[in-house]
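To convert, count from 1 in the sequence shown and add 471; that's this note's numbering. Taking it in order: structure first as structure tokens, then the write-up.
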Amino acid sequence: MNVFHEGKVLWAQIDANQHMRHSAYADIAAQARLSMLNSLGLNLPILYSYKIGPVLFREELIYLREITLNDYIKVTCEVSKARPDGSRWSIRHELYRGDGVKAAIVTADGAWIDMEKRKLVILPTELSDRFMHAPRSDDYVEEAVGDK
């Protein structure tokens, strides 16, 4: 299991129905995704030194079970789709409660942006090689350059 975030659900992450609020799922998935990038040597200071950052096009959340206050959660990250150069990608995050039950799936589709030019870019080879060593899902698909 490729766990990149774990911890207790905080009061600030709970909504009026007494379960984890919708935006907290995206926040936790983003934290896990950044932890995964960090584990690959793609931490934010390195990316920023190239003036590059990750950008999302789409984020999908599938709720499976409730997560409540003080639940302990683990979040996995795996690349489920990418171009051979890592310029476009999809990362699947699975959130598990402390009892081992899968509670949600967050899928993020993204790319890399030049933060000065505000244009999509391909990572420099040394960074792309690191990204392409990210954990991959069992159903990983390599996209052709023309695919969306």
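C-beta atoms are modelled at their ideal positions from N, C-alpha and C, and glycine is treated no differently. Note that this is a predicted model, so its numbers are computed, not measured.
Just curious, the alpha helix (DSSP H) that L594 is in, first and last residue?
Within the sequence shown, residue 594 is the residue found at index 123, counting from 1. From DSSP, L594 is part of no alpha helix (DSSP H); its letter is neither H nor E.
### Message
So, under 8 Å CB-CB, L566 and V550 are touching, yes? Tell me the CB distance rounded to an integer number of Å.
### Response
On the sequence shown, position 95 is the one that residue 566 refers to. On the sequence shown, position 79 is the one that residue 550 refers to. With 8 Å as the limit, L566 and V550 do not qualify as a contact, their Cβ atoms being about 17 Å apart.
Closest to R563 by C-alpha separation, out of A579, G569 and L535, would be which residue?
Residue numbering aside, residue 563 sits at position 92 when the sequence shown is read from its first letter. For R563, the nearest C-alpha among the options comes from A579.
Do E530 and A503 have their CB atoms nearer than 8 Å? Start at 1 with the first residue of the sequence shown, and residue 530 comes out as number 59. Start at 1 with the first residue of the sequence shown, and residue 503 comes out as number 32. No, Cβ-Cβ distance for E530 and A503 is not below 8 Å.
message: Below 8 Å on the Cβ atoms is my contact criterion, and I expect R607 with A582 to pass it. Report the Cβ-Cβ distance as a whole number of Å.
response: Against the sequence shown, residue 607 aligns to sequence position 136. Against the sequence shown, residue 582 aligns to sequence position 111. Rounded to whole angstroms, the Cβ separation of R607 and A582 is 18 Å, and the two are not in contact under 8 Å.
Determine which residues share a DSSP beta bridge with V550 and list them. On the sequence shown, residue 550 is found 79 positions in, with the first residue counted as 1. According to DSSP, which records beta bridges pairwise, V550 is partnered with I562 and R607.
DSSP bridge partner residues for D580 (one or two, in chain order):
Your numbering for residue 580 matches position 109 in the sequence shown. In DSSP, D580 forms a bridge with R529 and S561.
Is the beta carbon of I538 sitting closer than 8 Å to the one on R568? Numbered from 1 along the sequence shown, position 67 holds the residue referred to as residue 538. Numbered from 1 along the sequence shown, position 97 holds the residue referred to as residue 568. Cβ atoms of I538 and R568: closer than 8 Å.
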